[in-house]
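S.K.: The sequence shown runs 4 to 468 under this note's numbering.
The beta-carbon is built from N, C-alpha and C at its ideal position, and this holds for glycine as well.
Supplied in structure tokens, the structure appears directly below.
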Amino acid sequence: MKTRNFFILIIIGTIALVIFSWLTHPKQTPWTINNFINSMTTEKKKPSLNDTLSISSTKKLKRDDRATKTQPKPTKKKKTFSFPPPLYSVVPNKWYYSKTFDRFGQRKPKCQAIRHGIPEEVQFIKKTLSLASNRTYLNDLVLRELTEVCDNKLYDSYAHEATKNQREEEEYPISFGVYINEGGEQTEQFLHRIYRPYNYYCLKLSSQLSKPFHQAMVNIANCLKNVHVVKLPDVVHDEHKKIDSDLQCIKKLRNYKWKYYINIQDNDYPLVTNLKLVQYLKSLNGYNAINSRASKEIISKKTPATESNSKTPSNVPAVNVEKLKQATGGKLYVGDDIFIATSSFCNFVIQNSIASELQNYLKNVRKPEIYYWATLQRISDIPGGYGHKESSKTYDYNIRLVKKRSDNIACHGSWNINNICTYGSGDLKWIYDEKHAGFLFADGKFAIMNFGASVYIFPFGCFIV
């Protein structure tokens, strides 16, 4: 009896201990008496430093194993750049860079990378051109020598300026009137860019050009039969002579058949191919692309005081003001010196007395060219014009893209005295942005500043084709 009670007490005590252990260690499993007895009887030892390191290392290895299984270590991939679909194809100009890059053992530029502003390519161009900052192999003297003989590689490169769609371009010839103000290597590259054997060109040479470069332009006109020049005695660096030079060029080009006349400068870099230009001109449907907006000035017998010029010649012809007011609505309109006009418009300007009356009236006005063409465009019944009935309406065409300091946009080259950006390599991304796709030309020289000197390029050997 006593023995039975003893065993009952042992069983009850064991059950009580198990319940107590379960309440204090709920996560401990399995719940066996042996495990419980061992846990109660085994003396807990304080772990040594080696034991601690071993345990932590084991845990770390297990974590690393789990991480390796769940997240495999990525392999390093070569960094590549994916470009959006280009608006136009941009390729290196082999003629320009055949010496610059080969001379220093450099590869040709990656034009698409430059266009999209990839920093590595921009730095490569800067580094290469810094080595070539003192180059003299295509200065005015060398250019004069290159152009003296018509049978050479330079003129061969002009002759090869053709495209796959040449037939469409040949059937739609264009004429260009180009102010040549700067001269030098970039101007020659500009001519290279816009030249086509089936178009016509008139070069208006500034008196500021060096004699060697002036002679080089005359040489080009002698060798390329579709190129003409307004010679140095006829054009001086005077704003009152600009309209005269425009009219002289139009008279020279009247002997040929062309659809449109484009008046530009040698620092207007073309953003589109000749084919794209032809397609744009066709879209005008016989209208001129002349920017024109109403100015504050009205046509009167008195010259606008705000535009007076002390250099005005004293022998200004008499102007039939009433006739001029009737034709223009009595207002002066303002625009730009860059414009696009039909051949019919150009013939009107040469032959009609209203055009000469307006030119004489503007001889007392500064920058007369920005008023002349914009006001002619508003004359009643002028070919391709708007008329003056909607005098308050502004016509603004995307002909010339300009980056101005007032736009608060960074210039990666430098700002000129007129606060216009002289483009650097970093500006090409801005120029070729999709929002500028409708522009035909970019206003401004292209330069990279190296050691305080400006190295002009056009632009960085990359041409749109």
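1. Assign Ile36 to buried or exposed, taking buried as 16 or more other Cβ atoms, counted over all protein chains shown, within 10 Å of its Cβ.
2. Do three or more CB pairs link the region 276-291 to the region 321-340 at distances below 8 Å?
3. Examine the Cβ distances between the region 402-411 and the region 353-370 and report whether three or more of them are shorter than 8 Å.
4. Can you tell me whether Gln380 sits near the ligand FAD, meaning its C-beta is under 8 Å from at least one heavy atom of the ligand?
5. Whose C-beta lies closer than 8 Å to the C-beta of Tyr175 among residues of the same chain, with five residues either side of it excluded?
6. May I ask which residues mark the beginning and end of the beta strand (DSSP E) holding Tyr182?
7. According to DSSP, simplified to helix, strand and coil, what is Ile15?
8. Please classify His415: does DSSP put it in a helix, a strand, or coil?
9. Are the region 188-198 and the region 268-276 touching by the rule of at least three beta carbon pairs closer than 8 Å?
10. Taking just the CA atoms, how far does Gly186 sit from Asn229?
11. May I ask you to list the residues that DSSP assigns as paired with Phe342?
12. In terms of residues, what are the limits of the beta strand (DSSP E) holding Phe444?
13. Taking DSSP as the reference, what is the three-state secondary structure of Asn421?
14. Need the endpoints of the beta strand (DSSP E) that Asp271 sits in, please.
15. Going by the DSSP bridge assignment, what does Ala297 pair with across the sheet?
16. Once you ignore the five residues that flank Asp410 on each side, which residues in its own chain have a CB closer than 7 Å to its CB?
17. Which residue or residues does DSSP assign as beta-bridge partners of Cys205?
18. On the three-state DSSP scale, how would you describe Tyr283?
19. Check whether the region 421-434 touches the region 247-261, taking contact to mean three or more Cβ pairs, one atom from each stretch, closer than 8 Å.
20. Does the separation of the CB atoms of Pro371 and Thr345 fall below 9 Å?
21. Can you name, in chain order, every residue of its own chain whose Cβ lies under 8 Å from the Cβ of Ser213, other than the five neighbours on each side?
22. Which residue from Ala413, Ser298, Arg257 puts its Cα closest to that of Ile373?
23. For my contact list, Leu146 and Ala219 are in at a C-beta cut-off of 8 Å; report their separation, rounded to the angstrom.
24. According to DSSP, is Lys156 helix, strand or coil?
25. Reducing DSSP to helix, strand and coil, say where Ala440 ends up.
26. What residues match up with Leu475 in a beta bridge as DSSP calls it?
27. I'd like the span of the alpha helix (DSSP H) that includes Thr433, first residue to last.
28. What separation, rounded to the nearest whole angstrom, lies between the Cα atoms of Glu151 and Ser394?
29. Can you tell me the Cα-Cα spacing of Leu274 and Ala321, whole angstroms?
30. I need the straight-line Cα distance from Lys432 to Gly120, nearest angstrom please.
31. For Asp430, which of Gly441, Ser417, Lys254, Ile301 has the nearest alpha-carbon?
32. Sort Asn155, Tyr398, Glu123 by Cα distance to Cys226 and report the nearest one.
33. Would Lys264 pass as a contact of Gly388 if the rule is Cβ separation under 9 Å?
34. Please name the residue in Cys205, Lys279, Asn277, Gln211 whose C-alpha comes closest to that of Tyr259.
35. Which class does Tyr364 belong to by DSSP, given the choice of helix, strand or coil?
36. Mind checking which residues open and close the alpha helix (DSSP H) that includes Lys370?
M.R.: Concretely, from the data shown:
1. Low confidence applies here, because Ile36 scores a pLDDT of 46, under 50, leaving its location unreliable and the question unanswered by this model.
2. no
3. no
4. The ligand FAD is absent from the structure shown, which contains no ligands of any kind.
5. Lys262, Val281, Leu284, Lys285
6. 177-183
7. helix
8. coil
9. yes
10. 20 Å
11. Asn266
12. 444-446
13. coil
14. 271-273
15. Tyr336
16. none
17. Gly180, His231
18. helix
19. no
20. no
21. Asp143, Gly186
22. Ser298
23. 5 Å
24. helix
25. coil
26. No information on residue 475 is available, as it lies outside the stretch 4 to 468 that the chain covers here.
27. In the sequence on display, residue 433 carries Trp and not Thr. Here the alpha helix (DSSP H) through Trp433 covers 431-434.
28. 51 Å
29. 43 Å
30. 5 Å
31. Ser417
32. Asn155
33. First, the residue type needs correcting, since residue 264 is Tyr and not Lys in the sequence shown. Not closer than 9 Å, so no.
34. Cys205
35. helix
36. Lys370 -> no alpha helix (DSSP H), and no H or E assigned at all.
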